[in-house]
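Visitor: First the structure, which I've put down as structure tokens, then a few questions once you've had a look.
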Amino acid sequence: MTDKFLKVTCEFIRENYDTFEYSVTRFDLDDLEQTLTDDMSMDEFGADSLDFTMYAMDLEEAYNIEIEDEELVNRGTFGVSTKSFGEICNIVESK
1 MTDKFLKVTC EFIRENYDTF EYSVTRFDLD DLEQTLTDDM SMDEFGADSL DFTMYAMDLE
61 EAYNIEIEDE ELVNRGTFGV STKSFGEICN IVESK
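In terms of this note's numbering, the sequence shown has 33 at position 33, counting the first letter as 1, and numbering is strictly consecutive.
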């Protein structure tokens, strides 16, 4: 992950999950920069579709790009999952 991507992602998680008990008990939100890996995704923080849309909008604003939500998700036989932070970083950095 690039520093810029990591900064945008950590800020989003801190702003939106600081009172979400599921995330607070699993992750040290103050030390996210050291915790997040390329293989992790928003799914691990309990993000729903609205959360993920807001995250995509923050990325669009930070990078001054347009992203289709579909570019950032994996559609499977049994549902939808978000792509990993590493995959999303590659997408937004290449636009």
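All residues carry an ideal CB built from backbone N, CA and C; glycine is no exception.
(1) Could you spell out the range, first to last residue, of the beta strand (DSSP E) harbouring residue 64?
(2) Look up residue 2 in the DSSP assignment and say whether it is helix, strand or coil.
(3) Whose C-beta lies closer than 8 Å to the C-beta of residue 60 among residues of the same chain, with five residues either side of it excluded?
(4) Do the CB positions of residue 52 and residue 42 come within less than 8 Å of each other?
(5) Output yes or no for whether 8 Å exceeds the beta carbon distance between residue 37 and residue 28.
Guide: Quick look at the numbers:
(1) Position 64 of the sequence shown, counted from the start, is the residue given in the question as residue 64. Segment: none, residue 64 is in no beta strand (DSSP E) and carries neither H nor E.
(2) Stepping through the sequence shown from its first residue, residue 2 is reached at position 2. Residue state, collapsed to three classes: coil.
(3) Residue mapping note: residue 60 aligns to position 60 of the sequence shown, counting from 1. Excluding positions up to five away in sequence, the list reads 66 and 67.
(4) The residue given as residue 52 occupies position 52 in the sequence shown. The residue given as residue 42 occupies position 42 in the sequence shown. Against a cut-off of 8 Å, the Cβ pair of residue 42 and residue 52 comes out as a contact.
(5) For this step, residue 37 is matched to residue 37 along the sequence shown. For this step, residue 28 is matched to residue 28 along the sequence shown. Not a contact, by the Cβ cut-off of 8 Å.
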